[in-house]
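Asks: Those letters in the sequence shown? Residues 2 to 280, by the working numbering. Right, I'll just put the structure down here and ask away after.
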Amino acid sequence: MQDEFSRVGIFFRIFERVKSFSSVESKRKMKGSDYYNGKTKLMRDIIGIRIVLYFSDDIAIVYSRLSKLFNIVEETIDKATETNFEPIRINLVCQLPLENIDEFKSIVNDNTIDATFEIQLRTILSEGWHEVDHDLRYKCRDDWNNSSDLSRSFNGILATLETSEYATLRLFDQLSFRHFKSKNVIAMLRTKFRLRFESFILSENVSALITPVILKEYYKIDRNEVVKYLFECGIIMPLTLENFLFLINYRFIKNTHLTEATPEVLSSEFKNLVEVVKN
2 MQDEFSRVGI
12 FFRIFERVKS
22 FSSVESKRKM
32 KGSDYYNGKT
42 KLMRDIIGIR
52 IVLYFSDDIA
62 IVYSRLSKLF
72 NIVEETIDKA
82 TETNFEPIRI
92 NLVCQLPLEN
102 IDEFKSIVND
112 NTIDATFEIQ
122 LRTILSEGWH
132 EVDHDLRYKC
142 RDDWNNSSDL
152 SRSFNGILAT
162 LETSEYATLR
172 LFDQLSFRHF
182 KSKNVIAMLR
192 TKFRLRFESF
202 ILSENVSALI
212 TPVILKEYYK
222 IDRNEVVKYL
232 FECGIIMPLT
242 LENFLFLINY
252 RFIKNTHLTE
262 ATPEVLSSEF
272 KNLVEVVKN
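If you want it as C-alpha cells, here you go:
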C-alpha cells in the first residue's frame, strides 16, 4: 500500500500498530465483558493502519483506491450536518488476505478477535486532534461529565482545522493561477498538482515545447482526475516532472510535439497502459 501511494506521488504518512494484550483487555473492560461474544460481535481492530494525507481532496481518491485493493467488510463514514458538529470518521474494516489468515489465527488464538484490520483515513491537520481526542476523551469519558459545553468547544477546534484545510486548497489554487499567469511552468505544475516529484528539472527541449497555449492545457486539467488516473493505470516509472508531463500529455492533452519528444521507453509503456485502462 505504501509503495502504491509513493508510486502516485501523493503526500502521505502511514502509521501502523498492533494492540497489545493489555490494550485488548482494556477495550474489553470498557465495552463490557459480554460485548465481544465471538458470534454477533467480534473485535476487528487488533491491527490498525492510519493513513494521514496532507490534502483533504485526496481522502475520496484514496478511499476509492482502497476499496479496490482490499475486501472492505465494514465501514464507518460519518456525514457532516449543519446543526450538530461532531468529528467525521472514515474507518474501514478490511479482511486480511487469504494467505495471511491461517498465520493470524495461529498467533491470535481467540475466537472473539476477527481476522481483519482497520484502516483510518485522516488529514494531517486533523491527525493531532484525533490523537488527543482518543487518549484524553474517548478513553476517559467520565472526565467530561457535566462539561458538554467544553466538549463541544473541543469539537469546534476540529471545525477550525477543517476550515483551514479548505483554505489551504484554495490558497494553492490561487498560487498556481499566479504562476500560470506569469508563465512559471515548474512552479505552476508543482502547486497545481501537489505531488511528490523526484525531480523538477525540465530539459531545454521540453521547456521549449511548453508554450503558453500548452501550459493553459495543463492548467485546465482537473487535478483529482489526474491522481485517479495515476492510481488506475498502474504506471511504474520515476515520477519526475518531465515524465509526468509526457504521461499527462499522452492521456489528456495529446499534443503532437510532446508526443514526438516522449522517450521511446515511455511511449511503449503508455501504449500498454491504454490496454490496461480499457480492460
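Note that the Cβ used here is the ideal one computed from N, Cα and C, for glycine as well. Computed from a predicted structure; not experimentally measured.
(1) Could you tell me whether the segment 37–53 touches the segment 208–226, where touching means 3 or more Cβ pairs closer than 8 Å?
(2) DSSP beta-bridge partners for Met-31?
(3) If you draw a straight line from the C-alpha of Asp-103 to the C-alpha of Asp-115, how long is it?
(4) Who are the Cβ neighbours of Tyr-251 in its own chain at under 6 Å, not counting the five residues just before and after it?
(5) Would DSSP call Leu-1 helix, strand or coil?
(6) Span of the beta strand (DSSP E) holding Glu-205?
(7) Which of the three DSSP states, helix, strand or coil, is assigned to Glu-100?
(8) If contacts are defined as beta-carbon pairs under 8 Å, then Val-227 and Ile-249 qualify, I think. What distance do you get, rounded to the angstrom?
(9) On the DSSP bridge assignment, give the partners of Gln-121 in chain order.
(10) How is Glu-166 classed by DSSP in three states: helix, strand or coil?
(11) Could you check whether Asn-92 and Glu-119 sit closer than 8 Å to each other, using their CB atoms as the reference points?
(12) Is Val-9 buried or exposed, if buried means 16 or more other CB atoms sit within 10 Å of its CB?
(13) In whole angstroms, what separates the C-alpha of Tyr-55 from that of Thr-124?
(14) Based on the DSSP secondary-structure assignment, which residues constitute the bridge partners of Arg-18?
(15) Tell me, which residues are paired with Ile-78 by DSSP?
(16) Would you say the segment 60–76 touches the segment 35–42, given that touching needs at least three Cβ pairs under 8 Å?
(17) Quick check: the Cα distance between Leu-176 and Met-189, rounded to an integer number of angstroms?
(18) Using the Cβ count rule (16 or more neighbours within 10 Å means buried), how would you classify Asn-256?
(19) Taking just the CA atoms, how far does Leu-126 sit from Phe-16?
(20) Leaving out the 5 sequence neighbours to the left and right, which residues in its chain are closer than 6 Å to Ile-11 when beta-carbon positions are compared?
(21) Provide the residue(s) that pair with Phe-13 in DSSP beta bridges, ordered along the chain.
(22) Expressed to the nearest angstrom, what Euclidean distance is found between the alpha-carbon atoms of Thr-263 and Gln-96?
(23) How many Å lie between Val-25 and Arg-18 at the Cα?
(24) Going by C-alpha to C-alpha distance, which of Pro-98, Glu-199, Arg-90 sits closest to Ile-73?
(25) Short of 7 Å in beta carbon distance, which residues of its chain neighbour Asn-273, apart from the five on each side in sequence? Order them along the chain.
(26) Alpha carbon to alpha carbon, how far is Asn-280 from Asp-134?
Replies: With the structure as the only source:
(1) no
(2) Your numbering for residue 31 matches position 30 in the sequence shown. Met-31 is not bridged to any residue.
(3) Reading the sequence shown from its first residue, position 102 is the one you call residue 103. Reading the sequence shown from its first residue, position 114 is the one you call residue 115. Distance between the alpha carbons of Asp-103 and Asp-115: 12 Å.
(4) Residue mapping note: residue 251 aligns to position 250 of the sequence shown, counting from 1. Within its own chain, the residues whose Cβ lies closer than 6 Å to the Cβ of Tyr-251, once the five positions on either side in sequence are excluded, are Phe-271, listed in chain order.
(5) Given a span of 2 to 280 for the chain in the structure shown, any question on residue 1 remains unanswerable.
(6) On the sequence shown, position 204 is the one that residue 205 refers to. Going by DSSP, Glu-205 is part of no beta strand (DSSP E) but of the alpha helix (DSSP H) stretching over 205–210.
(7) One-based indexing of the sequence shown puts residue 100 at position 99. Glu-100 falls in the helix class under three-state DSSP.
(8) Residue 227 sits at position 226 when you count from the first residue of the sequence shown. Residue 249 sits at position 248 when you count from the first residue of the sequence shown. Confirmed, Cβ separation roughly 6 Å.
(9) To locate residue 121, count along the sequence shown from 1; it is residue 120. As DSSP reads the structure, Gln-121 sits in a beta bridge with Arg-51, Asn-92.
(10) Here the question's residue 166 lines up with position 165 in the sequence shown. Here DSSP, grouped into helix, strand and coil, assigns Glu-166 to helix.
(11) Here residue 119 refers to the residue found at position 118 of the sequence shown. Here residue 92 refers to the residue found at position 91 of the sequence shown. Against a cut-off of 8 Å, the Cβ pair of Asn-92 and Glu-119 comes out as a contact.
(12) By one-based count along the sequence shown, residue 9 stands at place 8. Of the other Cβ atoms in all chains shown, 16 or more fall within 10 Å of the Cβ of Val-9; this residue is therefore buried.
(13) One-based indexing of the sequence shown puts residue 55 at position 54. One-based indexing of the sequence shown puts residue 124 at position 123. C-alpha separation (whole angstroms): 6 Å.
(14) Reading the sequence shown from its first residue, position 17 is the one you call residue 18. Arg-18 pairs with Gly-49.
(15) Here the question's residue 78 lines up with position 77 in the sequence shown. DSSP output for Ile-78 lists Ile-91 as bridge partner(s).
(16) no
(17) Looking up residue 176 in the sequence shown gives position 175. Looking up residue 189 in the sequence shown gives position 188. Each residue's Cα considered, the two are about 8 Å apart.
(18) By one-based count along the sequence shown, residue 256 stands at place 255. Its Cβ being crowded by 16 or more others within 10 Å, Asn-256 is buried.
(19) To locate residue 16, count along the sequence shown from 1; it is residue 15. To locate residue 126, count along the sequence shown from 1; it is residue 125. One C-alpha to the other measures close to 15 Å.
(20) For the purposes of this step, residue 11 is identified with residue 10 of the sequence shown, where counting begins at 1. Taking Ile-11 as the centre and dropping the five residues before and after it, the same chain places the C-beta of Asp-59 closer than 6 Å to its C-beta, in chain order.
(21) Your numbering for residue 13 matches position 12 in the sequence shown. Leu-54.
(22) Residue 263 sits at position 262 when you count from the first residue of the sequence shown. Residue 96 sits at position 95 when you count from the first residue of the sequence shown. Thr-263 and Gln-96: Cα-Cα distance of roughly 42 Å.
(23) Translated into positions along the sequence shown, residue 25 becomes position 24. Translated into positions along the sequence shown, residue 18 becomes position 17. Using only the alpha carbons, I get a separation of about 13 Å.
(24) In the sequence shown, residue 73 corresponds to position 72, counting from 1. The candidate whose alpha carbon is nearest that of Ile-73 is Pro-98.
(25) Looking up residue 273 in the sequence shown gives position 272. Cβ within range, chain order: n/a, list empty.
(26) Within the sequence shown, residue 280 is the residue found at index 279, counting from 1. Within the sequence shown, residue 134 is the residue found at index 133, counting from 1. Model confidence at Asn-280 stands at a pLDDT of 48, short of 50, so the residue's coordinates are unreliable and nothing is read from them.
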